[in-house]
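Only one structure is covered here, and it is reproduced in the block below.
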Amino acid sequence: MFSFPAYVTVWGRLGRFAFIGVSLLVLLFLVSPVLVVMPLSFNSQPYFTYPLPGLSLRWYRAFIDSPEWMLALKNTMITGVASTFIASVLGVMASLGLTNPRLKGKAFITGVLVSPMIVPLIITAVGVYFAFSPLGLTGSLSGLILAHAALGVPFVVVTVTATLAGFNEALSRAGRSLGASPLRVFLQVKLPIIAPGVVSGALFAFATSFDEIVVALFLTGPDQRTVPREMWAGIREQLSPTILAVATILVVVSTLLLLTLELLRRRTERLRGVAGAF
């Protein structure tokens, strides 16, 4: 199962096995809450107990049949798609500027752009609330979309900037020498190559918006509840296995997003190798 070079000592091999064992234990520790929650979402009774008295999809049907949950899902999807689009456009534009060798203050600008990833969400939420209140953007999806777009921009900037770092500018110069405009060069030459990075950043931005709750608590009212806020309200007001069904759906969606990101990462590596060959 494991093959080691001849120069690896016994202690080196033991260290390798220990590292793998500790990694598996950490992974089990992180995944165990999900493994506990998912079976309970199929419980036929409204109890959080093992063993399960029976299996049923009643809590998934309750989620689909609930007007409150459907409104929350609608708000979540609208907010996620709109904020992802805005974050992707702004992030790509910022990345193009950051890769310009003539740009001054690049480190400072990069720090400002990625600061939403570093600043605690509660501080961001309070700042956004006080900034949006005079503009009448609190208690509306518009304000939540703008706030989530700001949270998603750093992910797009990081992934697209990393992709552009391996882009061969000779391709752009070749396009310009053939008479293409800068916009056409970007759309037909650069964008197809950096597309995996753009999509990866967009997926990160969408995932951030999809399960964000702190900013949503500050900016949304009863009619703008998102799925995470509806789950939070359900835990406080009436604990129901429907919340476990929703949590299971979120886990499945997040897993699919991670698999998609991994496929895009591999494709980016292949494209970077092809572009670097020219």
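Start counting the sequence shown at 19; every next residue gets the next number (our numbering). Each residue gets a CB set at the ideal place from its N, CA and C atoms; glycine is no exception.
Just list the residues that DSSP pairs residue i with in beta bridges.
| i | result |
| --- | --- |
| L73 | N61 |
Considering only the alpha carbon of each residue, which of the options lies closest to residue i?
| i | options | result |
| --- | --- | --- |
| S74 | L282, L274, P259 | P259 |
| A143 | I127, V203, A168, G129 | A168 |
| L114 | L196, L262, F228, V175 | V175 |
| L108 | G239, A223, L282 | A223 |
| L262 | T67, A105, L116 | T67 |
| Q242 | S151, N93, L205, V49 | N93 |
| S218 | V54, R120, L159, L279 | L279 |
| F228 | P71, L237, R247, L139 | R247 |
| L106 | I38, H166, L48 | The sequence given here has Ser at residue 106, not Leu. Here the closest residue by C-alpha is H166. |
What's the gap between the Cα of residue i and the Cα of residue j?
| i | j | result |
| --- | --- | --- |
| T249 | I231 | For the sequence presented, residue 249 should be read as Met rather than Thr. Distance between the alpha carbons of M249 and I231 is about 10 Å. |
| R76 | S62 | 7 Å |
| V110 | V178 | 7 Å |
| P200 | G184 | 19 Å |
| G123 | A180 | 18 Å |
| G239 | T102 | 22 Å |
| A234 | A149 | 15 Å |
| V203 | G193 | 6 Å |
| V132 | V28 | 44 Å |
| R191 | M95 | 40 Å |
| E187 | A220 | 24 Å |
| I212 | P64 | 48 Å |
| Y147 | G154 | 10 Å |
| L275 | D83 | 26 Å |
| V216 | T97 | 19 Å |
Taking residue i and residue j to be in contact with their CB atoms under 8 Å, please state how far apart those CB atoms are, rounded to whole angstroms.
| i | j | result |
| --- | --- | --- |
| T244 | A90 | 6 Å |
| M135 | P172 | 4 Å |
| S59 | T226 | At roughly 24 Å, the Cβ-Cβ gap does not stay under 8 Å, so S59 and T226 are not in contact. |
| A100 | I163 | 5 Å |
| V269 | M56 | 7 Å |
| T128 | L182 | In fact, because the Cβ distance is near 13 Å, the residues do not count as touching under 8 Å. |
### Message
For a minimum of 4 consecutive residues, which ranges assigned as the alpha helix (DSSP H) are wholly contained in the stretch 160-232?
### Response
Listed in chain order, the alpha helix (DSSP H) elements of length 4 or more contained wholly in the stretch 160-232 are 187-195, 200-203, 209-228.
### Message
Quick check on the DSSP output: what are the complete alpha helix (DSSP H) runs of length 4 or more inside the stretch 116-165, in order along the chain?
### Response
Taking only runs of at least 4 residues, the alpha helix (DSSP H) segments lying wholly in the stretch 116-165 are 124-136, 139-150.
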